[in-house]
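Undergrad:
Number of protein chains: 2
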Amino acid sequence: MPTLRFDLQHTDTNSKARAGLITTDHGQIPTPIFMPVGTAGSVKAVTQQQLKEDVDAKIILGNTYHLYLRPGLPVLEAAGGLHRFNGWDRPILTDSGGYQVFSLAASRKITEEGVIFQSHIDGSRHLFTPESVMDVQRSIGADIIMAFDECPPYPAEYAYVKKSMDLTHRWLDRCMKRFGETDNRYGYTQNLFPIVQGGTFSDLRKESCAYIASKDAPGNAIGGLSVGEPVEMVYEFTELCCGLLPENKPRYLMGVGTPWDLLECISLGVDMFDCVMPTRNGRNAMLFTSEGVINIDNKKWELDFSPIDSGIPCAVSQYYSKAYLRHLMKAREYLGLTIASIQNLAFYLWLTDEARRHIQAGDFLSWKAGITEKIRKRL
Amino acid sequence: MPTLRFDLQHTDTNSKARAGLITTDHGQIPTPIFMPVGTAGSVKAVTQQQLKEDVDAKIILGNTYHLYLRPGLPVLEAAGGLHRFNGWDRPILTDSGGYQVFSLAASRKITEEGVIFQSHIDGSRHLFTPESVMDVQRSIGADIIMAFDECPPYPAEYAYVKKSMDLTHRWLDRCMKRFGETDNRYGYTQNLFPIVQGGTFSDLRKESCAYIASKDAPGNAIGGLSVGEPVEMVYEFTELCCGLLPENKPRYLMGVGTPWDLLECISLGVDMFDCVMPTRNGRNAMLFTSEGVINIDNKKWELDFSPIDSGIPCAVSQYYSKAYLRHLMKAREYLGLTIASIQNLAFYLWLTDEARRHIQAGDFLSWKAGITEKIRKRL
């Protein structure tokens, strides 16, 4: 079966921003796009119906580390893959588990072979190798599978980052070999995306981009950014990588970021984004809206009966008031977590859709300047 | 404005079960009916859209004690009442706050005047009197307002229960006086229901029923049951009260109970029910289904990909599988709480609707015998 298709529909004349269309066996994804994170097979506090109807998500993420540990592969395989298990029939992308192994596992040890780690749930010991991680993601049934990589922290020494990048490149070769030797698991095409590493060192990033680009994968990811470095460096290295990765393949910037980060990185040539920020911050009372940022816990919203956000096309955001949502958050009602998560996700999806519209209309940069000022404002 | 109307449409020939229709300014309520509990202005973990579309709730409850403390009357009044605040445009019933004052408040002292209590949230001191509680419920904007009563525990001495019942009766007179002297708060009719007390003493229950019946209220409630006594006593005193309360007014049995309790009490002449059981037990992994009771935490559901409940007309219950819901509960995902709550509420609403259908069809008792055996079964 052919890999996913990427049609580059329009490139901005004043920036590197692009509008495109990814076609997978689970449907099409207009780009630029934000992908909500569904860690353990569920975008936290949001139903699949709400994801479709209120958020209008086109693709969601699953975390390999979480899904591998719980519910585990026997359950996912018996279900016929994650799509059938959780009832999400649009595309799914899974990360490689590498990032979670380093950030969540009770302990971990890296060798050439892979990573031995202990589950944060029950302390049980597991081994992830480039090969096993391909098999796991095949079994989960992701439409887009990520290569197994090591993501160095920031700051890190040059020597460490170089060694780590070389390991990631060797692991990529093993990933590609295993991926090529194994079949699509459930009758639809699965696609492998390699990941650029190299920390905050230009020569390493260039080397990594060249290596990744040489693989001619159906899409390419930029990893290892937004891990603690100043935001200017995120932009600097995103720009560098976008300039070196193939133009005719989608570019995925992993784990970024704020709404204004998205807009900036779209202008640098990124097509795909994921981040836990909209859902996590939403559960902590921080709302992103088309008018600016709201701390809904603040007393100033107590008597504000206006809709949460009437500027985005989301029924939930228009139905409930700021005062009601504030009450729900103060009273720690679960419904508050749901409404805040839907608002923030719908806002992110609205924002990438607007960006796409303005790229196609040719006024992306001027729109970006105005909207950035507006949505960054603290209300 | 006229009070709510109750049309008694059909009375079963083999039992005391009735099918009726309550008409309020916020719409009609077919009876028998189960009313989901929306403690602090939200039925926990369920959106108002899901309550309408998936659960098909016809009326929900609010708790006066909770709403009075948070968000508080200034907010509710500024919103234009609870309906406008939470976006629920069907009928709302509020309890009087009495029960929560006794079960939740940090401390409370009962006098003839009313109850002085300390908030469980911040320790602040408040006074509830029959008069203030009428005013509070007027401000909340409930369609059905409950009289302020004292609910004695079980077991309790005869002398205490008699003294408490007499106080509840005197409080009722003060409630009715205040209610009659005050206007509908937001342009639609509000209705006051008195509450029968008298514990588990037949002569007191009879005396209380006679007193309550003499008030010719638009509906009547039976309180003080299901507070720890054996279920046979719940049935015994429900039967006694139903026999003494007016036939042409809806009868509301407060805080009851399991699905089979509902069916038994419907056969004794009860029209309205509320209980936290479907939502609270749902959040603790206990599912009521049309096939029987399920502990969804149990390993036996790990690979069961059949719908949660295909026997009730609820899209959510048919969309998600038992295995997926089990995974969500094990992983403590918020979505699990939402799905389990919707399943249990939709089941309760399906059950009272089925009861109504069979009352009208004339085969209520035989249907009740069969369905009770089925739904009580532990799967």
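Each protein sequence line maps, in turn, to chains S and C.
In terms of this note's numbering, the first sequence is residues 850 to 1228.
In terms of this note's numbering, the second sequence is residues 850 to 1228.
Every residue gets a Cβ at the ideal spot worked out from N, C-alpha and C, and that includes glycine.
Verify the CB distance criterion: does K958/C have a CB-CB separation below 8 Å to chain S?
TA: The residue given as residue 958/C occupies position 109 in the second sequence. Closer than 8 Å: no.
Undergrad: From L1102/C to D1120/C, what distance separates their C-alpha atoms?
TA: Taking the second sequence and counting its residues from 1, the one referred to as residue 1102/C is at position 253. Taking the second sequence and counting its residues from 1, the one referred to as residue 1120/C is at position 271. Each residue's Cα considered, the two are about 8 Å apart.
Undergrad: Please classify G1077/C as buried or exposed, where buried requires at least 16 other C-beta atoms within 10 Å of its C-beta.
TA: Taking the first residue of the second sequence as 1, we reach residue 1077/C at position 228. Counting Cβ neighbours within 10 Å, G1077/C comes out exposed, since fewer than 16 surround it.
Undergrad: Whole beta strand (DSSP E) runs in the segment 1031 to 1066 of chain C with 3 or more residues, listed along the chain?
TA: If we require 3 residues or more, the beta strand (DSSP E) runs fully inside the segment 1031 to 1066 of chain C come out as 1040 to 1042.
Undergrad: Give the straight-line distance between the Cα atoms of F1050/C and F951/C, rounded to the nearest whole angstrom.
TA: On the second sequence, position 201 is the one that residue 1050/C refers to. On the second sequence, position 102 is the one that residue 951/C refers to. Going from the Cα of F1050/C to the Cα of F951/C covers about 21 Å.
Undergrad: Can you grab the Cα-Cα spacing for the pair H875/S / G1068/S, in whole Å?
TA: Locating residue 875/S in the first sequence gives position 26, counting from the first residue. Locating residue 1068/S in the first sequence gives position 219, counting from the first residue. In a straight line, the C-alpha of H875/S is about 16 Å away from that of G1068/S.
Undergrad: Please list the residues of the segment 1018 to 1049 of chain S that have a C-beta atom closer than 7 Å to any C-beta atom in chain C, keeping them in chain order.
TA: Result list empty, no residue passes.
Undergrad: State yes or no: is the beta carbon of L1194/C nearer than 8 Å to at least one beta carbon in chain S?
TA: If you number the second sequence from 1, residue 1194/C lands on position 345. With 8 Å as the cut-off, L1194/C does not count as an interface residue toward chain S.
Undergrad: Starting from the C-beta of V1010/C, find all residues in its chain whose C-beta is less than 7 Å away, skip the five residues before and the five after it, and write them out in chain order.
TA: On the second sequence, residue 1010/C is found 161 positions in, with the first residue counted as 1. Counting only Cβ-Cβ distances below 7 Å, and skipping sequence neighbours, we find P1001, G1047, G1048, F1050, L1053.
Undergrad: Rounded to whole angstroms, what's the CA-CA distance from G1029/S to I1044/S? Just pull it up for me.
TA: The residue you call residue 1029/S lines up with position 180 of the first sequence. The residue you call residue 1044/S lines up with position 195 of the first sequence. For G1029/S and I1044/S, the distance between alpha carbons rounds to 17 Å.
Undergrad: Mapping the DSSP letters down to three states, classify N1144/C as helix, strand or coil.
TA: One-based indexing of the second sequence puts residue 1144/C at position 295. Reduced to three states, the DSSP call for N1144/C is strand.
Undergrad: According to the neighbour-count rule (16 or more other Cβ atoms, all chains shown, within 10 Å of its Cβ), is S945/C buried or exposed?
TA: On the second sequence, residue 945/C is found 96 positions in, with the first residue counted as 1. Buried: at least 16 other Cβ atoms inside 10 Å.
Undergrad: Closer than 7 Å, Cβ to any Cβ of chain C: which residues of the segment 911 to 928 of chain S, in chain order?
TA: Residues passing the 7 Å Cβ filter: R919, P920, V924, A927, A928.
Undergrad: Going by the DSSP bridge assignment, what does G990/C pair with across the sheet?
TA: Taking the first residue of the second sequence as position 1, residue 990/C is located at position 141. None; G990/C has no bridge partner.
Undergrad: Counting only C-beta atoms, is L900/C closer than 8 Å to chain S at any point?
TA: As a first step, residue 900/C is located in the second sequence; it is residue number 51 there, counting from the start. It does not: the Cβ of L900/C has no partner Cβ on chain S nearer than 8 Å.
Undergrad: Between the Cα of T1087/C and those of A1070/C, N1097/C, K1098/C, spot the shortest distance and give me the residue it belongs to.
TA: In the second sequence, residue 1087/C corresponds to position 238, counting from 1. Nearest C-alpha to T1087/C: A1070/C.
Undergrad: So what does DSSP say about T860/S, is it helix, strand or coil?
TA: The residue you call residue 860/S lines up with position 11 of the first sequence. Strand, per DSSP.
Undergrad: What number of angstroms, rounded off, separates the C-alpha of D1298/S from the C-alpha of S988/S?
TA: Past the boundaries of the shown model lies residue 1298/S; chain S is included only from 850 to 1228, so the question cannot be answered.
Undergrad: Which of the three DSSP states, helix, strand or coil, is assigned to P979/C?
TA: The residue labelled residue 979/C in the question sits at position 130 within the second sequence. DSSP places P979/C in helix when its eight states are reduced to three.
Undergrad: Round the Cβ separation of A1195/C and V904/C to the nearest angstrom and send it over; I've been treating them as touching at under 8 Å.
TA: Counted from its first residue, the second sequence places residue 1195/C at position 346. Counted from its first residue, the second sequence places residue 904/C at position 55. About 5 Å; that satisfies the 8 Å criterion.
Undergrad: Sorted by chain position, which residues of the same chain lie with C-beta nearer than 8 Å to A906/S's C-beta, five sequence neighbours on each side aside?
TA: By one-based count along the first sequence, residue 906/S stands at place 57. Around A906/S: M884, P885, V892, L900, R939, L1194, L1198.
Undergrad: Does the Cβ-Cβ distance between A991/C and T943/C come in under 8 Å?
TA: Taking the first residue of the second sequence as 1, we reach residue 991/C at position 142. Taking the first residue of the second sequence as 1, we reach residue 943/C at position 94. Taking 8 Å as the Cβ cut-off, A991/C and T943/C qualify as a contacting pair.
Undergrad: Looking at R1023/C and R980/C, is the spacing between their C-beta atoms short of 8 Å?
TA: Residue numbering aside, residue 980/C sits at position 131 when the second sequence is read from its first letter. Residue numbering aside, residue 1023/C sits at position 174 when the second sequence is read from its first letter. Here residue 980/C is Glu; the residue named in the question, Arg, does not match the sequence. Going by C-beta atoms, E980/C is nearer than 8 Å to R1023/C.
Undergrad: What residues of chain S sit near K1171/C, judged by a beta carbon separation below 7 Å?
TA: Taking the first residue of the second sequence as position 1, residue 1171/C is located at position 322. Within 7 Å Cβ-Cβ: nothing; K1171/C doesn't reach chain S, min ~11 Å.
Undergrad: Put A1008/C into one of helix, strand or coil per three-state DSSP.
TA: On the second sequence, residue 1008/C is found 159 positions in, with the first residue counted as 1. The answer is helix: DSSP assigns A1008/C an H, G or I state.
Undergrad: According to DSSP, is A1134/S helix, strand or coil?
TA: Locating residue 1134/S in the first sequence gives position 285, where the first residue counts as 1. It is coil, neither helix nor strand.
Undergrad: Please report whether the beta-carbon of N935/S lies at a distance below 8 Å from any beta-carbon of chain B.
TA: Within the model displayed, chain B is absent; protein chains S and C are what it includes.
Undergrad: Report all residues from its chain with a CB closer than 8 Å to the CB of D1146/C; omit the five preceding and five following residues, and keep chain order.
TA: As a first step, residue 1146/C must be located in the second sequence, where it is residue number 297. These residues qualify, in order along the chain: A1134, R1175, M1178, K1179.
Undergrad: Less than 8 Å between the C-beta atoms of T1221/S and L1112/S, yes or no?
TA: Locating residue 1221/S in the first sequence gives position 372, where the first residue counts as 1. Locating residue 1112/S in the first sequence gives position 263, where the first residue counts as 1. Going by C-beta atoms, T1221/S is nearer than 8 Å to L1112/S.
Undergrad: Since A1070/C sits in a beta bridge, which residues does DSSP pair it with?
TA: Translated into the one-based positions of the second sequence, residue 1070/C becomes position 221. The partner list for A1070/C (beta bridge, DSSP) reads I1044/C, Y1101/C.
Undergrad: Rounded to whole angstroms, what's the CA-CA distance from Y1060/S to C1163/S? Just pull it up for me.
TA: Position 211 of the first sequence, counting from 1, holds the residue named residue 1060/S. Position 314 of the first sequence, counting from 1, holds the residue named residue 1163/S. Roughly 42 Å separates the two Cα atoms.
Undergrad: Residues of chain C with a CB under 8 Å from the CB of L1136/S: which are they?
TA: Here residue 1136/S is taken as the residue at index 287 of the first sequence, counted from 1. Neighbours of L1136/S on chain C: none; closest Cβ ~17 Å, over 8 Å.
Undergrad: Are there three or more Cβ pairs, one per stretch, closer than 8 Å when the segment 859 to 867 of chain C is compared with the segment 1152 to 1159 of chain S?
TA: Counting Cβ pairs under 8 Å, fewer than three are found: no touch.
Undergrad: For D984/S and E961/S, I'd like the C-alpha separation in whole angstroms.
TA: Within the first sequence, numbered from 1, the residue matching residue 984/S stands at position 135. Within the first sequence, numbered from 1, the residue matching residue 961/S stands at position 112. Computed Cα separation, rounded: 18 Å.
Undergrad: Report the option in D1212/C, K1217/C, E1085/C whose CA atom is closest to the CA atom of C1139/C.
TA: Counting from one through the second sequence, the residue named residue 1139/C turns up at place 290. A small fix is needed here, since residue 1139/C is Ser in this sequence, not Cys. S1139/C has its Cα closest to that of K1217/C, out of D1212/C, K1217/C, E1085/C.
Undergrad: Can you list, in chain order, the residues of its chain whose CB lies under 6 Å from that of V1142/C, leaving out five sequence neighbours each side?
TA: Walking along the second sequence from the start, residue 1142/C turns up at place 293. Here the set comprises R1227.
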